[in-house]
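A.B. asks:
Residue numbers (my numbering): 139 to 516.
Written out as structure tokens, the structure reads:
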């Protein structure tokens with residue numbers, strides 16, 4: 139009969155105690171490690187932004203629950219360096235550990251969802267990246283209201299091209315030919331013509347910038363009216379597209395446009411030969427922007443409707459500037475050609491020959507834009 143080797147009872151208890159103590163130490167050390175790291179939470183807002191004011195209490199409620207959270211608030215208008223670093227295109231935006239980005243489109247005014255996203259982000263905060271541009275967005279669907287082109291690499295080119303489309307139209311060609319004829323008939327110099335072109339372009343640019351920023355700022359300050367204004371502007375773009383198509387038909391039948399230039403604007407333009415050219419051209423550009431809005435401003439309204447979904451007045455203002463430069467660029471080029479010898483009559487002849495085609499293309503483009511805007515494709 140063989141004897142079995144049995145461990146002494148004391149040795150068995152010692153091993154068991156050692157294993158238990160080791161497990162306790164591992165658990166304590168892991169908890170200590172988890173709570174020792176500092177988590178940075180950065181909140182980016184804009185003064186006057188109602189969405190930001192609504193989000194702020196929810197954010198502060200969450201961060202107060204954690205002793206290891208370093209919480210900082212930034213006014214985006216005074217923190218331009220973070221726009222590129224964190225790829226911020228909307229406010230409010232929260233960045234956790236310089237790596238995890240939660241923006242308005244992730245929770246859409248649902249503060250309970252915002253708190254949940256913050257808690258998950260803080261408790262599972264990734265290490266702060268070594269590279270500034272290592273940014274990833276908090277998981278979640280992007281709102282369908284966010285334009286697909288907004289913030290993309292080609293977005294500025296898209297807006298610039300839309301501006302050129304709006305600027306190259308029969309209305310502007312007619313006005314530029316008329317202004318050039320007025321100066322030439324009064325023995326105006328090349329410098330006078332260049333001054334006139336610059337003033338006229340500046341008047342259009344400034345007027346559209348003021349109107350655009352004003353509308354964007356109003357919508358962002360009163361978000362409750364955003365949906366109604368968006369729908370109105372989409373309907374207006376579609377209506378203007380139909381009007382352009384009708385005008386193409388009307389011009390083919392009657393050899394005249396249904397877009398009438400008011401007599402007082404013609405009188406102001408005609409007085410430039412004897413008055414201060416720069417002041418009058420500025421005024422003429424501003425008036426032209428308003429009274430000829432159905433002719434020039436339709437594409438502008440489409441761009442403005444897209445920008446309303448961007449939730450950022452600063453970014454929207456940059457896009458408006460790019461668009462407005464596109465609008466005045468054809469005028470600047472045409473004015474330069476006229477100043478250096480192009481016959482205004484040739485401009486008028488080209489305008490008469492191609493105005494039906496230009497109206498037709500513009501009308502179709504506007505109707506397509508209205509449909510895409512209504513369906514939230516762009």
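Just so you know, even glycine gets a beta-carbon here, dropped at the ideal spot from N, CA and C. For clarity, every value in this text was computed on a predicted model and none was experimentally measured.
Which of the three DSSP states, helix, strand or coil, is assigned to residue 213?
C.D. replies: strand
A.B. asks: Taking just the CA atoms, how far does residue 338 sit from residue 508?
C.D. replies: 29 Å
A.B. asks: Return the CA-CA distance between residue 280 and residue 389, expressed in angstroms with no decimal places.
C.D. replies: Summary for residue 280: the model assigns pLDDT 42, below 50, so the residue's position carries little reliability; its value from the coordinates is reported in the next sentence. Approximately 45 Å, taken between the alpha carbons.
A.B. asks: Below 8 Å, how does it come out for the stretch 457–474 and the stretch 296–308: are there three or more Cβ pairs, yes or no?
C.D. replies: yes
A.B. asks: Compute the Euclidean distance between the alpha carbons of residue 239 and residue 360, then round it to the nearest angstrom.
C.D. replies: If I take the Cα positions, the gap works out to 25 Å.
A.B. asks: Ordered along the chain, which non-local residues of its own chain (more than five positions away) have a Cβ less than 7 Å from that of residue 166?
C.D. replies: A caution first: residue 166 carries a pLDDT of 46, below 50, which makes its placement in the model unreliable, though a value can still be read off. There are no such residues.
A.B. asks: Quick check: what's the CA-CA separation for residue 460 versus residue 206?
C.D. replies: Going from the Cα of residue 460 to the Cα of residue 206 covers about 44 Å.
A.B. asks: Determine the extent of the alpha helix (DSSP H) in which residue 297 is found, giving its start and end residues.
C.D. replies: 293–305
A.B. asks: With distances taken Cα to Cα, identify the nearest neighbour of residue 235 among 178, 212 and 246.
C.D. replies: 178
A.B. asks: For residue 473, which residues from the same chain have a beta carbon less than 6 Å from its beta carbon, with the 5 sequence-adjacent residues on both sides left out?
C.D. replies: 335
A.B. asks: Who pairs with residue 180 in a beta bridge, going by DSSP?
C.D. replies: 210 and 233
A.B. asks: When you compare each of 253, 471 and 250 to residue 332 by their alpha carbons, which one comes out closest?
C.D. replies: Considering only alpha carbons, the answer is 471.
A.B. asks: Does any CB atom of chain C fall closer than 9 Å to the CB of residue 508?
C.D. replies: The structure shown contains no chain C; it holds only a single protein chain.
A.B. asks: Going by DSSP, what residue range makes up the beta strand (DSSP E) through residue 228?
C.D. replies: No beta strand (DSSP E) holds residue 228; DSSP gives it neither H nor E.
A.B. asks: Tell me whether the beta-carbon of residue 232 lies closer than 9 Å to the beta-carbon of residue 263.
C.D. replies: no
A.B. asks: Going by Cα to Cα distance, which pick from 422, 385, 248 and 457 is closest to residue 298?
C.D. replies: 457
A.B. asks: Under 9 Å, do residue 493 and residue 383 count as touching if we go by C-beta distance?
C.D. replies: no
A.B. asks: Let me know the secondary structure DSSP gives residue 475 once reduced to three states.
C.D. replies: helix
A.B. asks: Quick one: give me the first and last residue of the alpha helix (DSSP H) that residue 260 is part of.
C.D. replies: 249–261
A.B. asks: In angstroms, rounded to a whole number, what distance separates the CA positions of residue 379 and residue 428?
C.D. replies: Take the alpha-carbon of residue 379 and the one of residue 428: they are about 18 Å apart.
A.B. asks: What residue does the alpha helix (DSSP H) around residue 363 start on, and which one ends it?
C.D. replies: Per DSSP, residue 363 belongs to no alpha helix (DSSP H) and is neither H nor E.
A.B. asks: Going by alpha carbons, who is nearest to residue 453 out of 504, 369, 391 and 226?
C.D. replies: 226
A.B. asks: Could you spell out the range, first to last residue, of the alpha helix (DSSP H) harbouring residue 188?
C.D. replies: 188–201 is the span of the alpha helix (DSSP H), which, as asked, contains residue 188.
A.B. asks: Less than 9 Å separating the beta-carbons of residue 212 and residue 183?
C.D. replies: yes
A.B. asks: Does DSSP classify residue 241 as helix, strand or coil?
C.D. replies: Note: residue 241 maps to strand in three-state DSSP.
A.B. asks: Going by beta-carbon coordinates alone, are residue 372 and residue 512 separated by less than 9 Å?
C.D. replies: yes
A.B. asks: How would you label residue 419, buried or exposed, when you count the other beta carbons within 10 angstroms and need 16 or more for buried?
C.D. replies: buried
A.B. asks: List the whole-angstrom C-beta distance separating residue 255 from residue 196, where the pair is believed to meet the contact cut-off of C-beta under 8 Å.
C.D. replies: Wrong, their Cβ atoms sit about 10 Å apart, outside the cutoff.
A.B. asks: In whole angstroms, what separates the C-alpha of residue 223 from that of residue 329?
C.D. replies: 45 Å
A.B. asks: If you run the structure through DSSP and keep just helix, strand and coil, what is residue 175?
C.D. replies: Coil, per DSSP.
A.B. asks: Using the three-state DSSP reduction, which class does residue 468 fall into: helix, strand or coil?
C.D. replies: If DSSP states are grouped into helix, strand and coil, residue 468 belongs with the helices.
A.B. asks: Is the closest heavy atom of the ligand HEM to the C-beta of residue 481 under 8 Å?
C.D. replies: The model depicted lacks the ligand HEM and carries no ligand whatsoever.
A.B. asks: Which of the three DSSP states, helix, strand or coil, is assigned to residue 493?
C.D. replies: Note: residue 493 maps to helix in three-state DSSP.
A.B. asks: From this set, 237, 469 and 228, which residue's C-alpha is nearest residue 260's C-alpha?
C.D. replies: 237
A.B. asks: Is residue 329 helix, strand or coil by DSSP?
C.D. replies: Of the three classes helix, strand and coil, the one that applies to residue 329 here is helix, per DSSP.
A.B. asks: In angstroms with no decimal places, state the Cα-to-Cα distance between residue 214 and residue 455.
C.D. replies: The straight-line gap from Cα to Cα measures roughly 14 Å.
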